[in-house]
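Peer 1: Chains as they are written, first to last, in our numbering: chain D, 36 to 491; chain X, 56 to 359.
The beta-carbon is built from N, C-alpha and C at its ideal position, and this holds for glycine as well.
Model, not experiment: these values are computed from the prediction.
To start, I am sharing the structure in question, which I have written as structure tokens.
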């Protein structure tokens with residue numbers, strides 16, 4: 036008989052929850068799929084906790100996790116994931132993508148709409164949600180397209196998709212090139228108070244480039260994309276956000292110039308938030324050398340100077356979120372000429388480890404990392420996640436910060452093995468991922484638990 | 056030499072010198088009545104041209120025949136590539152035929168590197184995208200040596216569309232391994248940032264030509280005009296075309312090179328192309344000798 040796992044007691048872990056300012060040793064109790072109580076062992080006795088705890092004794096369904104020496108964080112939230120289903124099931128499915136998510140410590144993912152058909156109407160939204168409830172390993176929040184077919188011409192049914200469960204809107208993979216369409220989207224989205232996530236790329240300026248523009252693109256003979264192709268769109272969208280009062284979120288920031296523009300916009304009180312991805316603070320364009328298609332990504336990997344600026348942006352709060360931009364591709368698609376290969380990195384299973392390098396380097400505290408990988412993305416997308424506050428969903432990520440591993444792309448549970456980080460040593464991995472009170476992944480058991488993709 | 060010739064970037068100066076030296080022996084062979092040698096008898100070469108090419112393909116094919124190899128020509132319009140076969144599958148199939156050399160021209164930069172990683176045959180880059188055209192640079196160097204006796208101390212101007220020219224890139228990488236001064240001349244839209252290769256950039260052609268010993272003209276692709284790199288061929292010709300007046304701004308013994316095919320009246324005036332200073336046809340002849348040398352050395356000959 037399947038165990039109900041009705042009550043989960045996570046004992047003696049080092050709890051980090053920026054949403055409540057918690058950083059200390061203690062226990063977490065999850066009951067009925069929701070956080071019931073936290074007890075910090077700093078001398079104070081938590082009455083609510085004791086009340087809950089006293090009711091636990093002798094219960095047959097009580098499961099205890101010894102988290103001594105481990106960090107206990109709110110479940111990570113990835114606000115930028117490509118699950119590929121429907122339409123590109125040879126690259127990834129909702130099932131395999133969410134399995135990769137929980138292996139990477141994520142308990143919620145936001146699925147980008149560039150599927151086939153595009154998620155530009157409530158029928159597709161409902162399909163994704165139903166499929167995720169049935170086959171998913173974590174919560175899935177679809178992101179709806181801004182425009183019909185992601186063509187950048189007519190607004191998609193933002194309201195109907197919102198009602199169906201979309202919590203943000205984006206034409207990710209493509210920019211909204213028309214300024215008037217972007218203006219309307221930012222204006223119209225105010226009805227539902229949802230963010231418009233902008234893929235900033237001036238297509239004519241990018242001119243079909245396939246890597247960062249610079250000396251290396253010249254000497255590899257590959258067409259470059261200048262930083263300006265991203266920055267002119269960041270600037271445009273900030274200006275349109277100011278004009279309309281719409282909530283703007285800049286996806287995958289890759290350049291120093293974008294960080295500067297976003298910092299200035301925030302200083303002026305404009306409603307803009309921003310994300311970057313682990314590859315933009317971990318590796319430079321040098322990874323492209325010898326025409327490594329696994330390092331081909333859009334926007335492209337940039338320079339050391341950009342990495343420094345992005346780290347500074349993360350440190351000073353200009354960049355709110357670390358998202359994966361998990362973009363799995365089939366092996367055959369990457370085994371091609373560099374310019375023919377699709378862009379994208381399979382990122383769910385390496386993001387936390389690469390994020391922890393920032394903690395090791397002193398760029399971020401673990402609290403700040405939890406904020407950028409759990410609390411902030413949840414807040415921006417408007418979901419009650421990324422927190423261990425009692426009453427919230429019982430989503431928890433338990434991390435062993437001392438465990439050393441070597442990244443093995445072939446061992447990814449994602450169908451996309453496309454990573455430039457293969458064979459990288461990492462220190463710190465998620466050991467247990469709990470979704471709504473249920474252990475969805477455990478490194479010791481190398482077991483996954485299906486059917487956790489419940490959607491409210 | 057290593058297994059493959061994918062680019063000048065990947066070659067050492069010693070390897071380049073060895074190719075040039077070996078090429079001069081083959082040039083002697085080409086002057087004989089019977090121009091064929093049994094050096095690579097029993098070896099098989101496939102010419103895999105994914106882009107239209109007459110000169111380079113002919114030159115390779117002749118070099119291969121002069122070396123007594125068995126030659127296979129794989130032309131793309133008749134192949135399964137048009138049926139959607141991937142490059143990977145195409146070359147794996149060719150490898151299964153048991154070929155020793157794959158000569159490849161491809162529109163994608165890095166395609167020869169990709170193939171070289173995946174097959175055991177020797178891969179020779181006959182031009183990849185806007186990356187490199189290494190045998191052209193080798194034959195250019197050979198032609199300069201033939202006329203000037205040395206590369207060292209020479210001032211060389213490369214003129215035209217540097218950005219899209221794999222010939223220019225390979226020449227820059229080769230010449231910078233020797234004690235030369237390299238000047239790039241052309242409109243700013245066609246001169247990329249090339250970093251540490253120690254080149255001087257001139258937008259003003261007259262100034263750039265002062266004291267030059269070797270002029271390397273590049274073919275200007277007229278379709279660049281529509282993409283905004285320059286307004287018209289007429290205007291291009293006025294500012295960056297080589298004519299007699301400009302040639303006279305250079306040294307008396309200056310030679311003029313062009314990889315062909317030439318756009319007469321655009322980047323090069325006919326009187327320059329046909330003058331005694333032009334070495335365009337020597338380049339064509341030398342191309343065969345140099346390509347023979349490359350294959351001969353890649354086959355493992357010339358080792359101490």
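Hey, how far is the Cα of residue 423 of chain D from the Cα of residue 412 of chain D?
Peer 2: As a first step, residue 423 of chain D is located in the first chain; it is residue number 388 there, counting from the start. As a first step, residue 412 of chain D is located in the first chain; it is residue number 377 there, counting from the start. Distance between the alpha carbons of residue 423 of chain D and residue 412 of chain D is about 15 Å.
Peer 1: Can you pull the chain D residues whose beta carbon is under 7 Å from the beta carbon of residue 152 of chain X, in chain order?
Peer 2: Here residue 152 of chain X refers to the residue found at position 97 of the second chain. Going along chain D, no residue has its Cβ under 7 Å from residue 152 of chain X, so there is no contact; the nearest lies around 21 Å.
Peer 1: Using a Cβ-Cβ distance cut-off of 7 Å, determine whether residue 292 of chain D contacts chain X.
Peer 2: For the purposes of this step, residue 292 of chain D is identified with residue 257 of the first chain, where counting begins at 1. For residue 292 of chain D, the answer is no, since every Cβ of chain X falls outside 7 Å of its Cβ.
Peer 1: Applying the 10 Å Cβ sphere with the 16-neighbour rule, what's the burial state of residue 177 of chain D?
Peer 2: As a position in the first chain, residue 177 of chain D is number 142, starting the count at 1. Counting Cβ neighbours within 10 Å, residue 177 of chain D comes out buried, since at least 16 surround it.
Peer 1: Let me see if you follow: with CB-CB separation under 7 Å, is residue 244 of chain D close to chain X or not?
Peer 2: Along the first chain, read from residue 1 onward, the residue named residue 244 of chain D stands at position 209. So no, residue 244 of chain D is outside the interface.
Peer 1: Does the Cβ of residue 66 of chain X have 16 or more other Cβ atoms within 10 Å, making it buried, or fewer, making it exposed?
Peer 2: Within the second chain, residue 66 of chain X is the residue found at index 11, counting from 1. So residue 66 of chain X ends up on the buried side.
Peer 1: Cβ of residue 112 of chain D within 7 Å of Cβ of residue 409 of chain D?
Peer 2: The residue given as residue 112 of chain D occupies position 77 in the first chain. The residue given as residue 409 of chain D occupies position 374 in the first chain. Yes, these two residues count as a Cβ contact at 7 Å.
Peer 1: Return the residues of the region 229–247 of chain X that lie within a Cβ-Cβ distance of less than 8 Å from chain D, sorted by chain order.
Peer 2: Here the close residues are 247.
Peer 1: Taking the C-alpha atoms as reference points, what is the distance between residue 316 of chain X and residue 299 of chain D?
Peer 2: For the purposes of this step, residue 316 of chain X is identified with residue 261 of the second chain, where counting begins at 1. For the purposes of this step, residue 299 of chain D is identified with residue 264 of the first chain, where counting begins at 1. Between residue 316 of chain X and residue 299 of chain D, the C-alpha separation is close to 52 Å.
Peer 1: Quick check: the Cα distance between residue 415 of chain D and residue 248 of chain X, rounded to an integer number of angstroms?
Peer 2: Translated into positions along the first chain, residue 415 of chain D becomes position 380. Translated into positions along the second chain, residue 248 of chain X becomes position 193. Those two C-alpha atoms are separated by around 40 Å.
Peer 1: Would you kindly report the start and end of the unbroken beta strand (DSSP E) that includes residue 240 of chain X?
Peer 2: As a first step, residue 240 of chain X is located in the second chain; it is residue number 185 there, counting from the start. Here the beta strand (DSSP E) through residue 240 of chain X covers 236–240.
Peer 1: At 3 residues or longer, and completely inside the region 150–209 of chain D: list those beta strand (DSSP E) runs for me, N to C.
Peer 2: Fully enclosed beta strand (DSSP E) runs of 3 or longer: 174–179 and 203–205.
Peer 1: Hey, residue 327 of chain D and residue 454 of chain D are a contact pair by Cβ (cut 8 Å); roughly how many whole angstroms apart?
Peer 2: As a first step, residue 327 of chain D is located in the first chain; it is residue number 292 there, counting from the start. As a first step, residue 454 of chain D is located in the first chain; it is residue number 419 there, counting from the start. The pair is not a contact, with the Cβ atoms about 11 Å apart (cut-off 8 Å).
Peer 1: Whose C-alpha, out of D:150, D:427, D:449 and D:135, is nearest the C-alpha of residue 55 of chain D?
Peer 2: Numbered from 1 along the first chain, position 20 holds the residue referred to as residue 55 of chain D. Of D:150, D:427, D:449 and D:135, the residue nearest in Cα terms is D:427.
Peer 1: Since I believe residue 115 of chain D is in contact with residue 500 of chain D (beta carbons under 8 Å), could you give me their beta-carbon distance rounded to a whole number of angstroms?
Peer 2: With chain D represented from 36 up to 491, any question about residue 500 of chain D goes unanswered, as that position is not in the structure.
Peer 1: Show which residues of chain D have a CB atom less than 9 Å away from the CB atom of residue 224 of chain X.
Peer 2: Numbered from its first residue, the second chain carries residue 224 of chain X at position 169. The answer, in chain order, is 253, 254 and 256.
Peer 1: Would a check of beta-carbon distances place residue 199 of chain X closer than 7 Å to chain D?
Peer 2: Within the second chain, numbered from 1, the residue matching residue 199 of chain X stands at position 144. No, its Cβ sits nowhere closer than 7 Å to a Cβ of chain D.
Peer 1: For a contact meaning CB atoms closer than 8 Å, what does residue 370 of chain D contact in chain X?
Peer 2: Locating residue 370 of chain D in the first chain gives position 335, counting from the first residue. Within 8 Å Cβ-Cβ: 141 and 143.
Peer 1: Return yes when the C-beta of residue 142 of chain D is under 6 Å from any heavy atom of the ligand SAM, and no when it is not.
Peer 2: This structure lacks the ligand SAM, and indeed carries no ligand of any kind.
Peer 1: Drop a sphere of 10 angstroms on the beta-carbon of residue 258 of chain D, count the other beta-carbons inside from all chains shown, and report buried for 16 or more, exposed for fewer.
Peer 2: As a first step, residue 258 of chain D must be located in the first chain, where it is residue number 223. Buried, because 16 or more other Cβ atoms sit within 10 Å of the Cβ of residue 258 of chain D.
Peer 1: So for residue 457 of chain D, helix, strand or coil by DSSP?
Peer 2: Position 422 of the first chain, counted from the first residue, corresponds to residue 457 of chain D. It is coil, neither helix nor strand.
Peer 1: Less than 8 Å between C-beta atoms, sequence neighbours within five positions excluded: which residues of the same chain meet that for residue 490 of chain D?
Peer 2: Within the first chain, residue 490 of chain D is the residue found at index 455, counting from 1. In this prediction, residue 490 of chain D has a pLDDT of 44, which is less than 50 and means its spatial position is unreliable; nothing more can be read from the coordinates.
Peer 1: So residue 344 of chain X is in the alpha helix (DSSP H); what residue range does that whole segment cover?
Peer 2: Stepping through the second chain from its first residue, residue 344 of chain X is reached at position 289. Per DSSP, residue 344 of chain X belongs to the alpha helix (DSSP H) from 335–353.
Peer 1: What residues in the region 314–342 of chain D have a beta carbon less than 8 Å from any beta carbon of chain X?
Peer 2: Taking 8 Å as the Cβ-Cβ cut-off against chain X, the residues of the region 314–342 of chain D that qualify are 325 and 326.
Peer 1: Can you tell me where the beta strand (DSSP E) holding residue 160 of chain X begins and where it ends?
Peer 2: What you label residue 160 of chain X is simply residue 105 of the second chain in a count that begins at 1. Here the beta strand (DSSP E) through residue 160 of chain X covers 156–161.
Peer 1: Report the three-state DSSP secondary structure of residue 56 of chain X (helix, strand or coil).
Peer 2: The count along the second chain starts at 1 and reaches residue 56 of chain X at position 1. In the structure shown, residue 56 of chain X sits in coil (DSSP, three-state: anything other than H, G, I, E or B).
Peer 1: Give the secondary structure of residue 227 of chain D by DSSP, where H, G and I count as helix, E and B as strand, and everything else as coil.
Peer 2: By 1-based counting over the first chain, the position of residue 227 of chain D is 192. Residue 227 of chain D falls in the coil class under three-state DSSP.
Peer 1: Check the Cβ-Cβ distances between residue 374 of chain D and every residue of chain X, and say whether any is below 7 Å.
Peer 2: Position 339 of the first chain, counting from 1, holds the residue named residue 374 of chain D. Taking Cβ atoms only, chain X reaches closer than 7 Å to residue 374 of chain D, which makes this a yes.
Peer 1: What is the DSSP secondary structure of residue 71 of chain X, counted as helix, strand or coil?
Peer 2: Numbered from 1 along the second chain, position 16 holds the residue referred to as residue 71 of chain X. Here residue 71 of chain X sits in helix by DSSP.
Peer 1: Counting only the same chain and skipping the five closest in sequence on each side, list residues whose C-beta sits under 7 Å from that of residue 460 of chain D.
Peer 2: Along the first chain, one-based indexing puts residue 460 of chain D at 425. Closer than 7 Å at the Cβ level, and outside the excluded window around residue 460 of chain D, lie 439 and 441.
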